[in-house]
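As you go down the protein sequences, you meet chains A and B in turn.
Under this note's numbering, the first residue of the first sequence is numbered 1, with each subsequent residue one higher.
Under this note's numbering, the first residue of the second sequence is numbered 1, with each subsequent residue one higher.
All C-beta atoms in this analysis are idealised placements derived from N, C-alpha and C, irrespective of residue type, glycine included.
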Amino acid sequence: MKRLLSKNTRRQTQTYAAVAAAFLIIQLLGGMGALSSSLKGMLVPICAYVVMAISLNLTVGILGELSLGHAGFMSVGAFTGVTCAVILQDLVPFAPLRLALSMAVGALFAAAVGFLIGIPVLRLGGDYLAIVTLAFGEIIKSFFNNLFLGVDSRGLHMSLISDNTHLEEGHSLIIGGPMGIGGIQKISTFTAGFILILLALFVVFNLVGSRSGRAIMAVRDNRIAAESVGINITRYKLMAFVTSAAMAGAAGTLFAMNYSTFTANKFDFNTSILVLVFVVLGGLGNMFGSIVAAAALTILPEALRQFSDYRMLVYAIVLILVMLVTNNDTIKNFLARPFARLAREKGGSVHE
Amino acid sequence: MTFLSFLISGISLGSIYAIIALGYTMVYGIAKMLNFAHGDVIMVGAYICFYAMSSFGLPPVVGILLAVVACTVLGMVIERLAYKPLRMAPSLAVLITAIGVSYFLQNSAQLLWSTNPKVFPSVVGNDGLKLFGGELSISYVTITTILTCLVIMVVLVSFTNHTRMGKAMRACSEDKGAAELMGINVDTTISVTFAIGSALAAVAGVLLCSAYPMLVPTTGSMPGIKAFTAAVFGGIGSIPGALLGGLLLGIIEIFAKAYISTQMSDAVVFAVLIVVLLVKPTGLLGKTIREKV
Chain A
1 MKRLLSKNTR RQTQTYAAVA AAFLIIQLLG GMGALSSSLK GMLVPICAYV VMAISLNLTV
61 GILGELSLGH AGFMSVGAFT GVTCAVILQD LVPFAPLRLA LSMAVGALFA AAVGFLIGIP
121 VLRLGGDYLA IVTLAFGEII KSFFNNLFLG VDSRGLHMSL ISDNTHLEEG HSLIIGGPMG
181 IGGIQKISTF TAGFILILLA LFVVFNLVGS RSGRAIMAVR DNRIAAESVG INITRYKLMA
241 FVTSAAMAGA AGTLFAMNYS TFTANKFDFN TSILVLVFVV LGGLGNMFGS IVAAAALTIL
301 PEALRQFSDY RMLVYAIVLI LVMLVTNNDT IKNFLARPFA RLAREKGGSV HE
Chain B
1 MTFLSFLISG ISLGSIYAII ALGYTMVYGI AKMLNFAHGD VIMVGAYICF YAMSSFGLPP
61 VVGILLAVVA CTVLGMVIER LAYKPLRMAP SLAVLITAIG VSYFLQNSAQ LLWSTNPKVF
121 PSVVGNDGLK LFGGELSISY VTITTILTCL VIMVVLVSFT NHTRMGKAMR ACSEDKGAAE
181 LMGINVDTTI SVTFAIGSAL AAVAGVLLCS AYPMLVPTTG SMPGIKAFTA AVFGGIGSIP
241 GALLGGLLLG IIEIFAKAYI STQMSDAVVF AVLIVVLLVK PTGLLGKTIR EKV
């Protein structure tokens, strides 16, 4: 038990160290002007996707429930966070503080939505839970595509489907239905993203190592056994799900504040799937894997730019091949054979 | 009279969903996997039929047959290359592979046929029946769609209930190991299931594009997701459930568009799905499996 814990701690320290090292190296390269402008533009989205991957890994890897609508929480975080930033524009002139407050608001709203969705959804299991999260993701997308929201001296006004806010002269809509949000001050920075990643890691690692985390994993491994030893299943499932939603919300705010405009369609089913791919490729329950996979797969389509039209095709083939190689025993053994022979020739024993 | 016409177009759209949902539900019943590439097989079928009719001037019937044959082969090839090696793998790995196949098909279609939308010529003409002195008009596309769906249902139900292969399919969906011990070739059975599902997808693609004649490489995605929803709605794994789920989903969608809001119709559809699943967690006609401790 002691060895297991210390192994976990070591792994966690390594993850923190790797993230910090990556941050320092990129800052150094940036300072020397060695980063291409396209890569520089991708730093904040990479951070946002890394946090999304950590967040979804908590749901899929630690809680063991498949969610196909995680982009919905990102969307909630993006819209509420940016709205908050617009309202605070004159009240809080210091941009990093405004960003932090907006992310907190985004996380709070996403957590609230996660709580509301979680109560009914977590009663279901397996593929049914997956389809319901997909459905919620689509509903959230439709909702923000039809939401009109604006602020004037009389307070906050909103309406659904068509613009009935009747704002006073000189005030314009913040959320403009299918037009989304426009004219955003881009206050997201790479440093903010880095801090958010560390924060997300801190939350997840502490949750996993705590009594609650062990209860969550017990529910994942055997629901009935966990229930029979007195673990309150709904409570722990909700705890993991809401934490995950909150992190996705903060990531959404970070992501949205990097662009001057965005619409609800940015956070659709494909985004949810994209993040799920990060999690599965990185390894379920493995946070470091999620971080690497999210960063690598966000850069990959850019790196494949020389293949121009073929890049998404190459991406698809890489995805299928990786899944086949990592999950099929015949292929795995075939690829492992040269290594096994090498080990034998060296006189070392081969582990079966 | 407008109510009746909405109902008919709902049933027509629902029939298309039902045909697609059949493919999802059969594959899920036997291989226990969510085949996310199914929606893109629909698109491939529609493109093949489109090019057979427009570039080679073939009659619609030949175009449909070509599409069915091509999609059947495509479905079997996908199963053999991408899914069969993963039969023992965790279900998430299979899901991601299916998503990879879906990306692959969409992007291949983009390269082969470009992203420019094609206007699909209706396979049965654009005329329709006029009833009640012209107050109610039903297009031939609608009639063909509903009839096709009914025929497919009847054939499929009798196939699964009365043929050797159908029996093998039902056996495999209940217990693959036991089925194998009884001398059933599980690999062949799964392959045939994919073949049937993909053939149905081709038919659905042609019908879908006859009714909504815009053809782009992503045409299949949204109907695919909706049909998947329909399959879950009716109880995934159940063939009558797919029909019921598809029809209800189509009718709800058209009514939501007509009476609530065009933009919010998808939200209404998904909200109904959620309510149904909360009341009946295995779908309308799904079997409840007791958990053994």
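For the beta strand (DSSP E) containing residue i, name the first residue and the last one.
i	result
residue 173 (chain A)	173-176
residue 137 (chain B)	136-139
residue 91 (chain A)	Where residue 91 (chain A) is concerned, there is no enclosing beta strand (DSSP E), given that its DSSP letter is neither H nor E.
residue 151 (chain A)	147-152
residue 130 (chain B)	128-131
Determine the extent of the alpha helix (DSSP H) in which residue i is found, giving its start and end residues.
i	result
residue 281 (chain A)	269-282
residue 34 (chain B)	It is not in any alpha helix (DSSP H) - residue 34 (chain B) carries neither H nor E in the DSSP assignment.
residue 180 (chain B)	176-181
residue 383 (chain A)	Outside the displayed span of chain A (1 to 352) sits residue 383 (chain A), for which this structure offers no information.
residue 290 (chain A)	287-303
residue 214 (chain A)	211-221
residue 40 (chain A)	37-57
residue 67 (chain B)	60-78
residue 205 (chain B)	186-211
residue 327 (chain A)	311-327
residue 255 (chain A)	233-256
With DSSP as the reference, label residue i as helix, strand or coil.
i	result
residue 352 (chain A)	Summary for residue 352 (chain A): the model assigns pLDDT 39, below 50, so the residue's position carries little reliability; its value from the coordinates is reported in the next sentence. Coil, per DSSP.
residue 283 (chain B)	coil
residue 68 (chain A)	coil
residue 1 (chain A)	Here residue 1 (chain A) scores only 49 on pLDDT, less than 50, and its place in the model should not be relied on; the value that follows carries that caveat. Of the three classes helix, strand and coil, the one that applies to residue 1 (chain A) here is coil, per DSSP.
residue 123 (chain B)	coil
residue 6 (chain B)	helix
residue 222 (chain B)	helix
residue 88 (chain B)	coil
residue 156 (chain A)	strand
residue 32 (chain A)	helix
residue 118 (chain B)	strand
residue 249 (chain B)	helix
residue 21 (chain A)	helix
residue 335 (chain A)	helix
residue 179 (chain A)	helix
residue 264 (chain B)	coil
residue 22 (chain B)	helix
residue 161 (chain A)	coil
residue 184 (chain A)	coil
residue 11 (chain A)	helix
residue 341 (chain A)	helix
residue 12 (chain B)	helix
Buried or exposed: residue i, going by 16 or more other Cβ atoms within 10 Å of its Cβ?
i	result
residue 221 (chain A)	exposed
residue 239 (chain B)	buried
residue 202 (chain A)	exposed
residue 70 (chain A)	buried
residue 38 (chain B)	buried
residue 286 (chain B)	buried
residue 1 (chain A)	Confidence at residue 1 (chain A) is low in this model, with a pLDDT of 49, below 50, so its placement is unreliable and the value that follows should be read with caution. Exposed, by the Cβ-count rule.
residue 348 (chain A)	In this predicted model, residue 348 (chain A) has a pLDDT of only 49, less than 50, meaning its place in the structure is not dependable enough to derive any value.
residue 17 (chain B)	buried
residue 21 (chain A)	exposed
residue 237 (chain A)	buried
residue 117 (chain A)	buried
Where DSSP assigns a beta bridge to residue i, which residues make up the other side?
i	result
residue 116 (chain A)	Note: residue 116 (chain A) sits in no beta bridge, so no partner.
residue 236 (chain B)	In DSSP, residue 236 (chain B) forms no bridge with anything.
residue 103 (chain A)	BP columns for residue 103 (chain A) are empty, so no partner.
residue 153 (chain B)	Residue 153 (chain B) pairs with nothing; no bridge assigned.
residue 214 (chain B)	B:119
Below 8 Å between beta carbons is the criterion; list the residues of the segment 245-277 of chain A that meet it against any residue of chain B, in chain order.
269, 273, 276 and 277
Got a sec: which bits of the segment 38-50 of chain B sit with their beta carbon under 7 Å from any beta carbon on chain A, in order along the chain?
none
Closer than 9 Å between beta carbons: that is the criterion. Which residues of the segment 91-105 of chain B meet it against chain A?
91, 92, 93, 94, 95, 96, 97, 99, 100, 101, 102, 103, 104 and 105
For the segment 69-85 of chain A, which residues have a beta carbon sitting closer than 9 Å to at least one beta carbon of chain B?
none
Residues of the segment 225-258 of chain B with Cβ closer than 8 Å to any Cβ of chain A, in chain order:
225, 228, 229, 232 and 236
What residues from the segment 299-312 of chain A come within 9 Å of chain B, judged by C-beta to C-beta, listed N to C?
309, 310, 311 and 312
So if I threshold CB-CB distances at 7 Å, which residues from the segment 105-123 of chain B count as touching chain A?
107, 108 and 111
Under 8 Å (Cβ pairs) to chain B, residues found in the segment 276-293 of chain A
276, 277, 280, 281 and 284
Using a Cβ-Cβ cut-off of less than 8 Å, list which residues of the segment 195-213 of chain A approach chain B; keep chain order.
none
Against chain A, which members of the segment 18-29 of chain B pass a CB distance test of less than 9 Å?
28
Which of the residues in the segment 137-160 of chain A, read from start to end, lie with their CB under 7 Å from any CB of chain B?
138, 139, 142, 143, 145 and 146
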